[in-house]
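Reviewing the structure listed below.
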Amino acid sequence: MAEEEGERRDVLKNWSPQACIRTFKKNGDLTKHVNRVHHAGSLAPVEPPNNDPTLDFEQVPPAFPFPSPSPPPPPQIPQEEKKFHPYLTGDICDEQGNYLPPNTPPPPRSTESPWSPFQGQAQFHLADLLFRKVEMSQGNIDELLDIWSLYERQCAQTTEHSSNGPFNSHKDLYRLIDNIVQGDASWKCFQSVVDESLPVNASEWQKISYQVWYRDLNIVIANILANPEFRNDFDVAPYVHLDSAGKRSWADFMSGNFAWRHATQIYEEEGAATVKGAMLVPVILGADKTTVSIATGHVEYHPLYLSIGNITNASRRAHRNAVIPIGFLAIPKSDRKYDNDPNFRVFKKKLYHASIVAILQALKPGMKIPVIRKCPDGHFRRVIYDLA
């Protein structure tokens with residue numbers, strides 16, 4: 001036993017902590033390790049002892065740090081990205097066109113009843129049924145309301161309820177319909193002018209003045225922009241849409257190259273002082289081949305429709321007042337002998353395109369200088385029109 005203790009002391013005497021990084025809880029384990037690995041012939045020279053306190057082998061730091069107790073952050077999954085146009089950005093402003101900070105809340109909406117000028121939902125739906133869906137005649141409306149009033153008076157004899165019905169007469173109903181402010185883009189008419197220098201034997205189609213019916217496009221577009229139903233389906237600026245793989249994705253109108261290029265072109269032509277921060281409103285037109293020929297005599301009419309590129313495709317397809325009829329284009333008719341007359345065909349084309357040009361004149365000022373319009377999110381913006 002004494003010899004073993006002496007050997008142990010010799011081993012520990014010749015072993016240097018700097019020579020090995022292993023740690024042991026028991027001296028016996030240390031002795032076995034030194035005898036097996038660090039025999040006397042391979043031990044490094046012992047350095048002179050220093051004045052440091054004796055090392056506690058249980059406190060010797062490990063050679064390699066232990067793993068962090070918290071797991072590493074998960075790898076970031078690529079996200080979709082939208083890069084918006086740098087100049088026509090659709091910044092919010094007040095009613096005078098002064099730009100506001102981005103986080104400014106929209107002004108409060110009107111506290112007026114949503115059914116105004118009607119007294120309530122029931123009165124509105126009855127008017128919509130009689131006037132728009134059924135197209136009931138004035139006499140039948142009056143008869144229906146008389147019956148309704150009679151029924152109300154009979155009910156009043158047995159209860160405390162007393163009413164004369166939702167409307168007094170068809171005149172009362174029409175008056176309320178005419179007082180509707182929302183969507184009030186009335187129909188107007190202009191006529192073509194007959195050339196007074198025509199010869200006596202000129203064709204009949206040359207002697208006729210053709211009527212074209214249309215709406216004020218400023219009012220129509222303002223109503224679309226102010227519709228709160230589009231607040232979640234509305235783009236205020238052209239953008240490039242990148243999917244999670246970083247590839248370009250095309251979906252709605254404002255994600256296309258056309259909107260981006262035209263926004264850049266408008267900015268370069270009109271200048272930053274005029275259009276910087278404005279909202280591009282692309283005007284989309286379409287004509288339906290469905291003709292209106294009842295009681296029009298020598299003329300057929302092709303309906304002309306309008307929408308704007310800011311509305312997403314989902315809302316446009318859902319028929320939520322995103323596509324509005326704005327005109328009826330006159331299509332002249334004549335005797336069959338003129339069907340192959342090149343002059344008659346050219347005249348119809350000229351009348352068709354001249355009518356569209358005349359209807360679009362209302363938007364011309366807003367194509368150069370932005371106009372203030374209320375948007376679906378309740379904010380005002382400076383908008384500039386563009387034919388798409």
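Heads up: the sequence shown is residues 1 to 388, going by full-length UniProt numbering.
All C-beta atoms, glycine included, are put in the ideal place defined by N, C-alpha and C.
Range of the contiguous alpha helix (DSSP H) that encloses residue i
i: PRO342; result: 342-360
i: GLU269; result: 257-270
i: SER307; result: Counting along the chain, SER307 falls outside any alpha helix (DSSP H), though it belongs to the beta strand (DSSP E) covering 299-308.
i: PHE124; result: 121-127
i: ALA330; result: ALA330 -> not in any alpha helix (DSSP H); beta strand (DSSP E) instead, spanning 324-332.
i: ARG317; result: 313-317
Straight-line Cα distance separating residue j from residue i
i: THR274; j: ILE384; result: 10 Å
i: PRO228; j: PRO376; result: 4 Å
i: THR89; j: ARG320; result: 25 Å
i: THR264; j: TRP213; result: 35 Å
i: LYS32; j: PRO72; result: 39 Å
i: SER116; j: ILE141; result: 21 Å
i: ALA388; j: GLY309; result: 8 Å
i: THR316; j: ALA322; result: Just to set this straight, residue 316 is Arg in the shown sequence, not Thr. Straight-line Cα distance between these residues: approximately 5 Å.
i: ARG153; j: ILE180; result: 30 Å
i: LYS374; j: ASN168; result: 36 Å
i: LEU126; j: PRO166; result: 8 Å
i: ASP386; j: ASP146; result: 52 Å
i: LEU130; j: GLN123; result: 11 Å
i: ILE359; j: SER244; result: 44 Å
i: ALA272; j: LYS188; result: 37 Å
i: LEU363; j: ASN218; result: 6 Å
i: LEU198; j: SER192; result: 15 Å
i: ASP335; j: ASP341; result: 11 Å
i: GLY286; j: SER307; result: 9 Å
i: ASP56; j: GLY246; result: Interpretation of ASP56 is limited by its pLDDT of 48, a score under 50 that renders its predicted location unreliable; no figure is taken from the coordinates.
i: HIS118; j: SER137; result: In the sequence under discussion, the amino acid at residue 118 is Phe, which differs from the His named in the question. One C-alpha to the other measures close to 20 Å.
i: SER255; j: TYR210; result: 40 Å
i: SER249; j: PHE258; result: 14 Å
i: SER113; j: ARG132; result: 22 Å
i: GLN121; j: CYS155; result: 22 Å
i: GLY139; j: GLN157; result: 28 Å
i: TYR87; j: TRP148; result: 60 Å
i: PRO101; j: LEU280; result: 20 Å
i: ILE77; j: ALA314; result: 28 Å
i: PRO108; j: ASP195; result: 54 Å
i: LYS289; j: HIS353; result: 15 Å
i: ASP178; j: ASP128; result: 13 Å
i: GLU143; j: LEU173; result: 13 Å
i: ASP216; j: PRO105; result: 31 Å
i: ALA226; j: ILE92; result: 14 Å
i: ALA175; j: ASN201; result: According to the sequence provided, residue 175 is Arg. The question's Ala does not apply to it. Near 49 Å, if we compare the C-alpha coordinates of ASN201 and ARG175.
i: LEU351; j: GLN361; result: 15 Å
Segment limits, beta strand (DSSP E) that includes residue i
i: LYS188; result: 187-191
i: LYS374; result: 371-374
i: SER203; result: That residue, SER203, is in no beta strand (DSSP E); it is neither H nor E in DSSP.
i: ILE177; result: It is not in any beta strand (DSSP E) - ILE177 instead sits in the alpha helix (DSSP H) that spans 170-178.
i: ALA388; result: Taken as a continuous stretch (DSSP letters only), ALA388 belongs to no beta strand (DSSP E), as it is neither H nor E.
C-beta atoms of residue i and residue j nearer than 8 Å
i: VAL220; j: ILE324; result: yes
i: ASN223; j: ALA185; result: yes
i: ILE372; j: GLU95; result: yes
i: ASP233; j: ILE311; result: yes
i: TYR239; j: LYS82; result: yes
i: LYS348; j: HIS298; result: no
i: TYR301; j: ILE331; result: yes
i: ALA251; j: HIS241; result: yes
i: PHE344; j: TRP205; result: yes
i: residue 403; j: HIS85; result: Residue 403 lies beyond the stretch modelled for the chain, which goes from 1 to 388, so this question has no answer here.
i: ARG382; j: PRO365; result: no
i: GLU270; j: LYS368; result: yes
i: TYR338; j: SER203; result: yes
i: PRO303; j: VAL292; result: yes
Strand pairing of residue i, partner residues [DSSP]
i: MET279; result: VAL383
i: LYS83; result: VAL240
i: TYR214; result: LYS188 and GLY327
i: TYR99; result: CYS93
i: residue 422; result: For residue 422 there is no data in the structure shown, the boundaries of the chain being 1 and 388.
i: VAL292; result: TYR301
i: ILE77; result: Answer by DSSP bridge pairing: none, since ILE77 is not bridged.
i: GLY286; result: TYR305
Chain D contact for residue i (CB, 8 Å cutoff)
i: LEU30; result: Protein chains in the displayed structure number just one, and chain D is not present.
At 4 residues or longer, what runs of the alpha helix (DSSP H) sit wholly inside the segment 216-260? 217-225
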